[in-house]
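Note that the working numbering has the sequence shown beginning at 1, numbered continuously upward.
The beta carbon of each residue, even a glycine, is placed where N, CA and C say it ideally should be.
Everything below concerns the one structure shown next.
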Amino acid sequence: MQTNPYLISVVVPVYNESAGIRAFHERTSTALAALPGASYELIYVDDGSADDSWALLAGFAAGDPHVRVVKLSRNFGHQIAITAGLDRARGDCAVVIDADLQDPPEVIARMVEKWRSGFDVVYGVRSKRRGEGALKLLTASAFYRVLDRITGISIPLDAGDFRLMSRRA
């Protein structure tokens, strides 16, 4: 079990998210600041955005000591952006969450509780998948079933990338 104080790293891959990134930043910062005994860092990774996401992220970093930013030279893809953020994470645990607010940052508190009780990996599983069509749902379901069979590693269906991982994991 983790003792106080502890550092949480939150890795946020960003690609053309300028329309909603302010709301994400405000909600996530508020949720993290409310965690007892925790300090945190928000690591935004701009994955070659063509909009003004980078300017907004740089502004967050200039005004908030909890924010660290990484700018990739071009769009490398979601998983590479996550890896770049995890490589820079200094926390006792790391949370990966997308900036589109399909996963509520307020859930991070419950994930931290599970981690502090001894879990190394805590998945955020969506109960509803808003805005995703039947083809997307079918391919996502098939992907996780195939991954489970190939690797023998069980990942809950509908888990996506929203998860907390301990430093050990």
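P5 by DSSP, collapsed to three states: which one? Reduced to three states, the DSSP call for P5 is coil.
Three or more C-beta pairs under 8 Å: does that hold for the segment 40 to 50 against the segment 115 to 125? no
For I108, which residues in the same chain have their Cβ closer than 6 Å to its Cβ, ignoring the five residues on either side in sequence? The answer, listed in chain order, is A31, V95.
What do you reckon, are the CB atoms on S9 and I43 nearer than 8 Å? yes
Please go through the same chain and pick out, in chain order, the residues whose beta-carbon is closer than 6 Å to the beta-carbon of G91, but skip the five residues on each side of it. So the list reads L7, I8, S9, once near-sequence residues are dropped.
By the 10 Å Cβ neighbour count, where 16 or more other Cβ atoms means buried, how is G85 classified, buried or exposed? buried
Assumed close pair L101, A23 - CB separation to whole angstroms, cut-off 8 Å: Yes, L101 and A23 are in contact; Cβ-Cβ is about 7 Å, under 8 Å.
Give the single residue among A89, A169, M165, D161 whose Cα lies nearest to the Cα of L78. For the record, residue 78 in the displayed sequence is His; it is not Leu. Residue D161 is the option with its Cα nearest to H78.
Let me know if E106 comes out buried or exposed under the rule of 16 or more other beta-carbons within 10 Å of its beta-carbon. Around the CB of E106, fewer than 16 other CB atoms lie within 10 Å, so the residue is classed as exposed.
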